[in-house]
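Written out below as structure tokens is the structure these notes cover.
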Amino acid sequence: MKKTRLMSMVLLSASALALAVPTPSAGPAAEAMTVVQAQEAGTSLKLGYQAPHGDKAFASVVVALDGDTITDVVLDEYQFSDAEGFEAVPNADAGVGNGFAEGQRLFSKRENSDEYSAMMTEHADSTVSYDDNLEAIEDAVKGKTIEEVEALIEEVNALGEDGNISDVVTGATLVDAAGYLQAIVDTAKDGFTFSLNAGANVELEQELTQGSDENSFMLVTVATEDDTVLGVAIDEFQFLQGEDWEGVPNSDAGFGEGYAEGNVLASKLVNDEAYSAKIAEYAESTTNYAASIQAIADFAAGKTVDELKAAVEELNGLGEDGSVADVITGATLEKAPVYLQAIIDAAD
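In mature numbering (1 follows the signal peptide of the UniProt record, and there is no 0), the protein residues as written are -20 to -1, 1 to 328.
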């Protein structure tokens, strides 16, 4: 299966960054996750956030399931750095960057695999690139049931200090391979659930792109077959202030040291109740964020890219008196065309 890796990134200079540090406590995001929609025809997409490797990063995990069998996975991790040469997340040169501590930039390890791999080689004598390591872990779980992956974790943990990870996970050398495998299991069991139409040759495509405004960035994962979208998982991240927000994993540890003072990086889905109250107050929204996102994802499932492009044109032509719900049943977010365009860009 082909994966289109993360795109639409912004290269930062230190002058584009801002401010200083603390954050509220946040446990693993998986604990707070609720099912958005039941599985359809035994197939589903699961989205979760985990901490598989140390306390300075968090991971996004998307799992495609057919019953309890994993058919595909996309992993990535996000970390702060003050080093030159890392491409920052989208909108880092706009509102998102205001959430960074002075001199820091938030980056995707997958998008910056060459740079991050060089750092791994320097500090840990790594001989396999970061991207190749994650692909090896992803390949190791494809076609396995959740229970079989749990058995694989036990096998990795039993290797001991002198064991070779690649004897169990071909091509992988990461010492925390078991952590990544556990992140896949936890997401498959407890992650947000998005519907997925069954297909014979499903491919996962993923894009990290600008969010609905300059203060957020979006993670879009699309399951496709030929030019048809079979399923979509969407979420946005935003730096928010106050004690009402649950931060991404490791916000209360090393990762949180990259935050500007008083800020926390939050998933809008994880914080659906609080974020929905915020948009109800400022934008008079009557539908929860998660419900609108799910409606958009369900609308896209089963449509071709050309059909989605036509829907974007229809939404843009509604005018001030038009209703998004007239085009996408159950959705009220006025930026619905932005989400559909992100789906198109990931799938096209």
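Glycine included, every Cβ here is placed at the ideal spot set by N, Cα and C.
Could you tell me if the beta carbon of residue i falls within a distance shorter than 7 Å of some heavy atom in the ligand ATP?
i      : result
Tyr160 : Among the components modelled here there is no ligand, and therefore nothing to report on the ligand ATP.
Please report how far the alpha carbon of residue i lies from the alpha carbon of residue j, in whole angstroms.
i        : j      : result
Asn177   : Asp328 : 18 Å
Val209   : Asp286 : 11 Å
Leu313   : Phe197 : 16 Å
Ile145   : Tyr110 : 14 Å
Ser40    : Tyr58  : 8 Å
Val307   : Ala291 : 8 Å
Gly171   : Glu141 : 32 Å
Leu(-15) : Asn137 : With a pLDDT of 43 at Leu(-15), under the threshold of 50, the predicted position of this residue should be treated as unreliable, though the coordinate-derived value follows. About 31 Å.
Gly151   : Val42  : 21 Å
Leu295   : Leu154 : 46 Å
Asp112   : Ser93  : 9 Å
Thr23    : Glu102 : 42 Å
Gly297   : Gly123 : 44 Å
Pro229   : Gln221 : 17 Å
Val318   : Asp48  : 33 Å
Val108   : Gly143 : 17 Å
Tyr160   : Ala240 : 28 Å
Gly77    : His33  : 24 Å
Gly227   : Gln321 : 27 Å
Leu184   : Asp119 : 13 Å
Asp193   : Tyr262 : 14 Å
Gly179   : Glu293 : 28 Å
Ser303   : Leu139 : 58 Å
Could you spell out the range, first to last residue, of the beta strand (DSSP E) harbouring residue i?
i      : result
Gly211 : 208 to 221
Glu57  : 49 to 61
Tyr239 : Looking at the DSSP string, Tyr239 is not in any beta strand (DSSP E), and its letter there is neither H nor E.
Ala44  : 37 to 46
Leu154 : Segment: none, Leu154 is in no beta strand (DSSP E) and carries neither H nor E.
Leu27  : 23 to 30
Given a cut-off of 8 Å, decide if residue j and residue i are closer than it, judged by their beta-carbon atoms.
i      : j      : result
Lys26  : Thr167 : yes
Phe174 : Lys36  : no
Leu55  : Leu114 : yes
Gly238 : Ala81  : yes
Asn195 : Gly75  : yes
Val69  : Val121 : no
Ile214 : Ala277 : yes
Start and end of the alpha helix (DSSP H) containing residue i?
i      : result
Ile117 : 110 to 121
Asn137 : 126 to 137
Leu184 : Run containing Leu184: none in the alpha helix (DSSP H); it sits in the beta strand (DSSP E), 183 to 190.
Asp286 : 285 to 296
Ala277 : 269 to 280
Gly159 : 157 to 170
Gln84  : That residue, Gln84, is in no alpha helix (DSSP H); it is neither H nor E in DSSP.
Ala203 : Counting along the chain, Ala203 falls outside any alpha helix (DSSP H), though it belongs to the beta strand (DSSP E) covering 196 to 205.
Pro317 : 316 to 327
Please go through the same chain and pick out, in chain order, the residues whose beta-carbon is closer than 7 Å to the beta-carbon of residue i, but skip the five residues on each side of it.
i      : result
Tyr269 : Lys248, Asp252, Tyr255, Ser256, Ile259
Ile323 : Val200, Val202, Val209, Val212, Ala280, Leu288
Glu135 : Val148
Ala271 : Gly310
Asp325 : Glu187, Thr189
Ala157 : Ile117, Val136, Ile145, Val149
Gly79  : Phe219, Tyr239, Ala240, Asn243, Leu245
Ala163 : Gln30, Pro32, Ala39, Val41
Phe66  : Arg85, Phe87, Asn92, Glu95
Lys169 : Ile126
Thr284 : Asp207, Thr208
Among the residues of its own chain, which have a CB less than 8 Å from the CB of residue i, if the five just before and after it don't count?
i           : result
Val165      : Ile126, Val129, Glu130, Ile133
residue 380 : Missing from the structure shown is residue 380; the chain here goes from -20 to 328 and no further.
Lys89       : Ala37, Asp56, Glu57, Tyr58, Gln59, Tyr96, Tyr110
Ser(-8)     : For Ser(-8), the predicted structure reports a pLDDT of 32, less than 50, and the residue's modelled location is therefore unreliable. A value from the coordinates is still provided. Closer than 8 Å at the Cβ level, and outside the excluded window around Ser(-8), lies no residue.
Glu205      : Gly179, Ala180, Asn181, Val182, Glu183
How close, in whole Å, do the beta carbons of residue i and residue j come, if the pair is a contact with beta carbons under 8 Å?
i      : j      : result
Leu86  : Ala72  : 7 Å
Gly191 : Glu216 : 5 Å
Val250 : Thr51  : Rounded, the Cβ-Cβ distance is 25 Å, inconsistent with contact.
Ala246 : Gln218 : 6 Å
Excluding the 5 residues flanking residue i on each side, which residues of the same chain have their C-beta closer than 6 Å to its C-beta?
i      : result
Asp224 : Ala254
Ser106 : Met100
Gly28  : Ala10, Val41, Thr167, Gly171
Pro8   : Note that Pro8 has pLDDT 38, beneath the 50 cutoff, so the model's placement of it is unreliable and the number below is only indicative. Correct list, in chain order: Pro229.
Ala233 : Asp35
Please confirm if residue i has its CB atom under 8 Å from at least one CB of chain C.
i      : result
Asn137 : Among the chains in the structure shown there is no chain C, since it carries only a single protein chain.
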